[in-house]
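S.K.:
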């Protein structure tokens, strides 16, 4: 039987993969080269524009042909930065991100960004050097079993055994990363394989027995979903990041407007449905809007599209949406029924699922107005709008800073967030109108994600403003990549929300540990260690500082006018601001707090 090539598999790939396959030029006859040369030629044939990495002993043979390649290599300052940059590039562009590291500690430094990409279903290919094959298993210098280490956090991984198989494995890695449910793939290549002589031939035949992602849903399940939608009185479209990954945002809007059903978008789906749309209730979950949380809790039908019933959305699982039937559509069959029983399970790509739901619903009964349901939800919108209190001590409110960044920079920019309070405020107070304008670490919650991810996003979208909203704790983990940005001409904007503390941990200590602030003060307020303006300048960036509300707009506009260098703004804010609403961990969403000790009354008579 003839094995498939990238071209014959293209109909199952996403648009980025199809474009890469189409642009790949076939080699008329085998070309003599080394394994390293074959690796670089494979990257070129796959349409790779950029790779983020650091050379070292085991991977060094690959860096020699890379010197002459059209693939741009960006020399990062830490391998973790390479991995997050590849993720940011992939999230912003929809293409596969590429990172490169050497063996041992170089490879293990990629573990965190690989785990991060796995949790958030981001297509990256990590290429690592390995000690020579005879030394594997001998505890050789800089040896680590990175294939074994990353087995639980990759969609698939490879240990290359011969130079001849490099083109096939690279092609398979890119295909696996970008099709079906996207995710990270690792390719580990021993040094002697890179040095071996071989021939390069393109395109290779792929060998992926059993890998057949289901894109089109079963018609019977679609009809059953349409029947439940027609019968529902309190339905909700519960939208996850899978809708963005499938390029299904136009279809989502059409389905929502056709049915009149309220929409909630998870943290990973912000921008999939316009924040300004009257049917959008906001983000559900631990720090979601009250109407969104309430809508899920009191729904009688959840139409779940590309979401996975994450614990940060459901709260205490057995109390989540107790009266709701569930239509659950996901391209990964393992997600369906994993956390919540699905009355109608639908395996398929979100774009095809939504398109077929539109056809099925449109062919059914007349549109339901859901008047009583919307009356309740609109009442909650009025009673519990997102907002914040100005600090009583005269300090700068972090929410105000983030809100003004969103308003002045606008909805066409890409916003990248670290993890913590600033992440939640950025999800709440910036309005997301378009897909691929909000990047963050959702599943893994990786501090240090923002700066390198913003770098990768800006490389992928050089003509789009990229703003990172970071915390002073997160910023100190990966800010060395600003040196990379300065040297490589990547003019990102970094807004450091500097509250002098690990803010989200401090919030929990305030609420649940009687204000015993154990090891959460960072010293960036009291001692200005480090001084972020001086640090920015030392890293080749422009450093600015803002400490008063009166200066916020002026400083943001000043940063917006600088487009030839990275900019870091130290927004020195108060330390006691909290993220509201909040569902305390391990409790029911019915226990949502709108502000400290203020709880919405989720009563049956509200309906």
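In my numbering, the protein residues as written are -13 to 593. For every residue, glycine included, the Cβ atom is placed at its ideal position computed from N, Cα and C.
1) For residue 460, does the three-state DSSP call read helix, strand or coil?
2) Select from 337, 106 and 537 the residue whose C-alpha is nearest the C-alpha of residue 431.
3) Could you tell me which whole alpha helix (DSSP H) segments of length 4 or greater appear in the stretch 67 to 97?
4) Would you list, in sequence order, the uninterrupted alpha helix (DSSP H) runs of no fewer than 4 residues that lie entirely inside the stretch 363 to 396?
5) What is the rounded straight-line gap between the Cα of residue 154 and the Cα of residue 80?
6) Thinking just about the alpha-carbon of each residue, which of 500, 526, 507 and 159 is nearest to the one in residue 465?
7) Going straight from the alpha carbon of residue 378 to that of residue 240, what length do you get?
8) Do you know how far the Cα of residue 29 is from the Cα of residue 445?
9) Considering only C-alpha positions, which residue in the set 547, 333 and 529 is nearest to residue 481?
10) Check whether the Cβ atoms of residue 225 and residue 291 sit closer than 8 Å, and answer yes or no.
11) Have a look at residue 413 and residue 289 and give me their C-alpha separation to the nearest angstrom.
12) In whole angstroms, give me the CA-to-CA distance for residue 202 and residue 335.
13) Determine the contact status of residue 472 and residue 402, defining contact as a CB-CB distance below 8 Å.
14) If you run the structure through DSSP and keep just helix, strand and coil, what is residue 532?
15) Our contact map puts residue 463 next to residue 434 with C-beta atoms below 8 Å; I'd like the distance itself, whole angstroms only.
16) Taking residue 482 as part of the beta strand (DSSP E), name the residues at either end of that continuous run.
17) Taking DSSP as the reference, what is the three-state secondary structure of residue 235?
18) Helix, strand or coil for residue 230 per DSSP?
19) If I follow the unbroken beta strand (DSSP E) through residue 19, where does it start and stop?
20) Tell me the rounded alpha-carbon separation between residue 83 and residue 486.
21) Taking only three categories from DSSP, how would you classify residue 182?
22) Would you tell me roughly how many angstroms separate the C-alpha atoms of residue 494 and residue 423, rounded to the nearest one?
23) Mind checking whether residue 142 and residue 192 have CB atoms under 8 Å apart?
24) Short check: CB of residue 370 to CB of residue 276, under 8 Å?
25) State whether the stretch 342 to 359 contacts the stretch 205 to 223, with contact taken as three or more CB pairs (one from each stretch) at a distance under 8 Å.
26) How close, in whole Å, do the beta carbons of residue 174 and residue 427 come, if the pair is a contact with beta carbons under 8 Å?
27) The alpha helix (DSSP H) spanning residue 519 covers which residue range?
28) Let me check one thing: in DSSP terms, what residues is residue 224 bridge-paired to?
29) Starting from residue 415, trace the alpha helix (DSSP H) both ways and give me its first and last residue.
30) Taking Cβ to Cβ, would you say residue 99 is nearer than 8 Å to residue 164?
31) For residue 171, which residues from the same chain have a beta carbon less than 7 Å from its beta carbon, with the 5 sequence-adjacent residues on both sides left out?
32) Would you report the Cα separation of residue 451 and residue 421, rounded to the nearest angstrom?
33) Express the C-alpha separation of residue 307 and residue 575 in angstroms, rounding to a whole number.
34) Restricting to runs no shorter than 3 residues, where is the beta strand (DSSP E) found entirely within the stretch 302 to 326?
35) Does the distance from the CB of residue 117 to the CB of residue 149 come in under 8 Å?
36) I need the DSSP call for residue 8, collapsed to helix, strand or coil.
M.R.: Per the coordinate set shown:
1) Assignment of residue 460 by DSSP, reduced to helix, strand and coil, places it in the helix class.
2) Selected option, being the one with the closest Cα: 106.
3) Correct list: 91 to 94.
4) List check, alpha helix (DSSP H) in window: 384 to 395.
5) 22 Å
6) Put simply, of 500, 526, 507 and 159 the residue whose alpha carbon is nearest the alpha carbon of residue 465 is 526.
7) 45 Å
8) 17 Å
9) 529
10) Taking the C-beta atoms as reference points, residue 291 is found nearer than 8 Å to residue 225.
11) Whole-angstrom Cα-Cα distance: 23 Å.
12) 6 Å
13) no
14) strand
15) 3 Å
16) 479 to 484
17) helix
18) helix
19) Looking at the DSSP string, the run of the beta strand (DSSP E) that includes residue 19 is 17 to 20.
20) Their backbone Cα atoms lie some 34 Å apart in a straight line.
21) coil
22) 29 Å
23) no
24) yes
25) Output reads yes: the stretch 205 to 223 touches the stretch 342 to 359.
26) Between the beta-carbon of residue 174 and that of residue 427 there is about 24 Å, and that puts the pair past the 8 Å contact cut.
27) 518 to 524 is the extent of the alpha helix (DSSP H) around residue 519.
28) 250 and 290
29) 407 to 415
30) Not closer than 8 Å, so no.
31) 111, 140, 141, 142, 143, 159, 162 and 163
32) 15 Å
33) 9 Å
34) 311 to 316
35) no
36) Summary for residue 8: the model assigns pLDDT 38, below 50, so the residue's position carries little reliability; its value from the coordinates is reported in the next sentence. Here residue 8 sits in helix by DSSP.
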